[in-house]
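Numbering (the UniProt record's numbering), first residue to last: 1 to 618.
Idealized CB from N, CA, C, for every residue including glycine.
Okay, so here's the structure we're looking at.
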Amino acid sequence: MLVGNPNVGKSLIFQHLTGKYATVSNYPGTTVDITVAKLKGSNKTLIDTPGMYSLVAITEEERVAKKILLEGADIVVHVVDAKNLKRMLPFTIQLIEAGFNTILVLNAIDEAEKLGMEIDSKLLSERLGIPVVKTIATQKMGIDELKKAIFNYRSDKKEIIKLNSMDEKLESITRLLDQDYPISKKMIALLILLGDKDTLEMVRGEKNYQKIVEIAKDSNSYEIFRKIQECSDRLLDGVIAEKEVAVGWKGRISELSLNPIVSIPMTVLSLYILYLFAGVFGAQFLVELIESSFERYINQPLNMMLNQYIPNYWIRELIGGDYGIITLGLRYAIAIIFPIVTTFFIAFSVLEDSGFLPRMASLLNSTFKKVGLSGRAVIPLLLGLGCGTMATIVTRTLETKKERIIATLLLAVGIPCSAQMGVMMGIAPDFRALMIWITVISLTLIFTATLASRAIEGEDIVFFMEIPPLRMPNFRNIIFKTVTRLEWYFKEVMPIFILISVFIWIGRITGVFDLLVNALAVPSTLIGLPSQAGLILLYGFFRRDYGAAGLYDLVNKGIFSYNQVIVAMVTLTLFVPCIAQFSVMCKERGLKSGIGIFIISLTVAFAVGYLTNLALGW
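Below is the structure:
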């Protein structure tokens with residue numbers, strides 16, 4: 001099992017140890033990904049856990065990683081960034097004290113040496129009583145030594161943590177623990193003193209539970225962490241030798257990228273490049289290329305064959321037609337979402353591997369925090385300009401449940417996908433109309449996020465992220481990450497699009513489709529739009545670009561006035577997410593939250609559309 005902080009090279013080490021055959025899936029009951037594969041040359045299973053900083057879990061990712069640890073592991077490989085060993089070793093100490101068969105991996109040792117650090121891994125191994133291996137994952141250096149350490153594991157684990165004044169409380173709680181636990185009772189007691197809620201819940205069945213709570217009540221978690229750090233510092237005394245070295249041009253660029261004067265333009269440029277690659281090249285060029293080919297070589301021949309050999313109209317419509325399983329479901333999944341997903345995963349992996357992603361999130365954190373989000377939210381929100389469905393899936397990378405709901409809400413309410421945004425820019429009567437549309441949508445998003453951050457209960461945003469040095473992305477690692485994520489996409493998302501086609505087919509048979517069109521015509525006229533707007537809104541629910549295309553046709557026919565075009569642009573942008581995004585939204589956030597966000601989007605769309613119509617009429 002691999003554990004460690006984010007951005008320390010775990011995924012690349014995992015790739016080297018296992019090869020390309022890996023399974024990415026959600027940990028049961030969560031939306032957190034774990035990667036599982038067989039170690040090369042053996043039947044041993046290796047699990048790459050989500051990033052964690054300590055056994056005191058704060059984020060959902062850390063809780064999942066901790067649960068996996070507690071489920072049992074023959075060997076725990078703790079990967080640390082060698083240049084940040086002083087800060088990361090306390091977690092190694094926790095793992096040893098918990099009773100895990102631990103191997104410490106000092107990764108990116110080359111970067112540490114460039115900074116003038118010399119680490120005596122043999123001395124550190126003797127003091128910890130566990131194997132310590134130096135690696136450079138980007139060059140596959142040390143991987144063979146790590147394999148040998150795993151296959152021939154030996155240790156001489158020692159008691160490391162001494163809390164002095166806290167030892168009495170630690171021993172008292174340890175003695176009161178009667179049940180069996182997957183980790184040492186000393187570590188259970190220590191986690192209780194540190195105020196870990198998950199551990200307190202774990203020991204709730206103890207007959208002395210109230211006594212344990214009473215003893216832990218006045219414990220000072222800061223003091224305990226300080227003591228553990230002191231233990232770590234003593235262990236490293238004489239292990240790390242540091243000398244001054246000249247900072248190279250790469251180091252200077254890395255330092256400058258943390259300066260807001262430099263990092264802001266770099267971030268804007270990176271976001272723009274990401275949008276161009278995923279939002280323009282992927283969502284427009286590749287989608288148009290693949291979709292036109294799909295239409296020419298699959299849809300048209302299929303519909304001709306169905307018309308020739310299948311006499312029953314409804315059976316033909318289930319498979320083909322405008323909303324069939326193949327002509328809509330598979331076309332949507334393969335021709336529209338797949339190229340966007342692929343280009344985004346590539347771009348995301350480049351940002352991730354280069355070390356720039358943490359910098360971007362850190363820079364935007366203070367701004368986003370005012371509306372209940374952290375800097376991490378920039379990624380799914382930006383992706384929403386390419387595809388809201390994929391962006392909703394990516395919200396799982398956010399730390400707290402509250403933040404994931406707010407980001408999902410914003411994606412559903414007012415982030416236009418690339419196709420929709422392109423159409424809006426094309427039908428805007430003039431630059432003034434375009435600016436009104438952008439202003440209204442932006443203000444609506446800010447207002448919605450601010451209101452949601454106050455209304456939604458949940459834990460406060462916790463934002464901490466490892467800031468690695470800027471480095472050249474590893475091509476092999478980018479391909480590995482992209483392929484494993486795409487494999488997950490086909491397993492998890494593809495079935496959703498097939499189900500969508502079936503639901504639409506049922507709606508058309510039962511007449512629900514026509515009822516919905518007529519129902520949407522009523523509020524459309526109330527906000528000053530022609531009754532035909534009801535049809536394009538329903539189309540927009542099936543597919544955002546389909547609704548935008550319908551609006552384009554109606555505008556070209558001269559049905560809309562100048563003001564009505566602006567109102568329609570605003571309303572359709574804020575209208576409910578497409579059915580694919582809604583399905584993923586329910587899957588990620590739960591049915592109750594999904595329906596709630598759907599209702600909010602519907603209300604916001606017509607309310608803001610109505611206010612826009614009033615304002616334009618003054």
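- Classified as exposed, Glu-118 has fewer than 16 neighbouring CB atoms from the shown chains inside 10 Å of its CB.
- Sorting Ala-580, Met-421, Ile-427, Phe-480 by C-alpha distance to the C-alpha of Phe-348 places Phe-480 at the top.
- Per DSSP, Val-280 is not a residue of any beta strand (DSSP E), being assigned neither H nor E.
- By the criterion of a C-beta distance shorter than 7 angstroms, Phe-344 is surrounded in its chain by Ala-278, Gly-282, Leu-383, Gly-386, Met-390, once the five residues flanking it on both sides are discounted.
- Glu-118 has Ala-241 as its beta-bridge partners, per DSSP.
- CA-CA distance, Glu-201 to Thr-448, rounds to 36 angstroms.
- In the three-state reduction of the DSSP assignment, Ile-188 falls in the helix class, which pools H, G and I.
- From the listed residues Ile-298, Leu-194, Ile-96, the smallest Cα separation to Asp-218 is found for Leu-194.
- Assignment of alpha helix (DSSP H) within the stretch 554-602, counting only whole runs of 4 or more residues, yields 562-574, 579-589 in chain order.
- In this structure, Ser-354 lies away from Asn-365, with their beta-carbon atoms at least 8 angstroms apart.
- Residues Leu-194, Asp-196 of the same chain have their beta carbon placed closer than 6 angstroms to that of Val-56, with the five preceding and five following residues left out of the count.
- Within 10 angstroms of the beta-carbon of Ile-315 lie fewer than 16 other beta-carbons, which makes it exposed.
- Rounded to whole angstroms, the separation of the alpha carbons of Thr-138 and Ile-441 is 44 angstroms.
- Selection Gly-329, Val-203, Glu-126 evaluated against Gly-238 yields Glu-126 as nearest (Cα-Cα).
- In the DSSP assignment, Ala-37 is bridged to Leu-46.
- Counting C-beta pairs closer than 8 angstroms gives fewer than three between the stretch 202-213 and the stretch 225-241, which falls short of the contact rule.
- In the DSSP annotation of this structure, the continuous segment of the beta strand (DSSP E) that includes Thr-102 starts and ends at 102-107.
- Just so you know, the alpha carbons of Val-268 and Thr-484 end up roughly 29 angstroms apart.
- Out of Ala-455, Gln-420, Leu-470, the CA that lies nearest to the CA of Met-360 is found in Leu-470.
- With respect to the C-alpha of Pro-523, the residue from Val-604, Leu-302, Ile-509 having the closest C-alpha is Val-604.
- With contacts defined by Cβ atoms closer than 8 angstroms, Ile-527 and Phe-575 do not form a contacting pair.
- Pro-339 and Ile-325 have their C-alpha atoms roughly 19 angstroms apart.
- For the pair Pro-6 and Leu-170, the Cα-to-Cα distance works out to about 30 angstroms.
- Going by DSSP, Val-287 is part of the alpha helix (DSSP H) stretching over 287-294.
- Trp-618 counts as exposed, since fewer than 16 other beta carbons sit within 10 angstroms of its beta carbon.
- Between Ile-566 and Gly-550 the beta-carbon gap is near 17 angstroms, outside 8 angstroms, which marks them as no contact.
- By the neighbour-count criterion, in which a residue is buried when 16 or more other Cβ atoms sit within 10 angstroms of its Cβ, Phe-542 is buried.
- Per DSSP, Lys-211 is one residue of the alpha helix (DSSP H) stretching across 209-216.
- Looking at the DSSP output, His-78 shares a beta bridge with Val-3, Leu-104.
- With 16 or more neighbouring CB atoms inside 10 Å of its own CB, Asp-81 falls in the buried class.
- From the listed residues Asp-514, Arg-175, Leu-95, the smallest Cα separation to Ile-212 is found for Arg-175.
- Around the C-beta of Thr-510, fewer than 16 other C-beta atoms lie within 10 Å, and the residue is accordingly described as exposed.
- The residue among Leu-529, Leu-591, Leu-538 with its C-alpha nearest the C-alpha of Tyr-562 is Leu-529.
- The C-alpha of Ile-379 lies about 12 angstroms from the C-alpha of Leu-411.
- Put simply, the stretch 429-444 does not touch the stretch 397-407. Fewer than three CB pairs are less than 8 angstroms apart.
- Taking 8 angstroms as the cut-off, the beta carbon of Ala-98 is found closer than this to the beta carbon of Ser-184.
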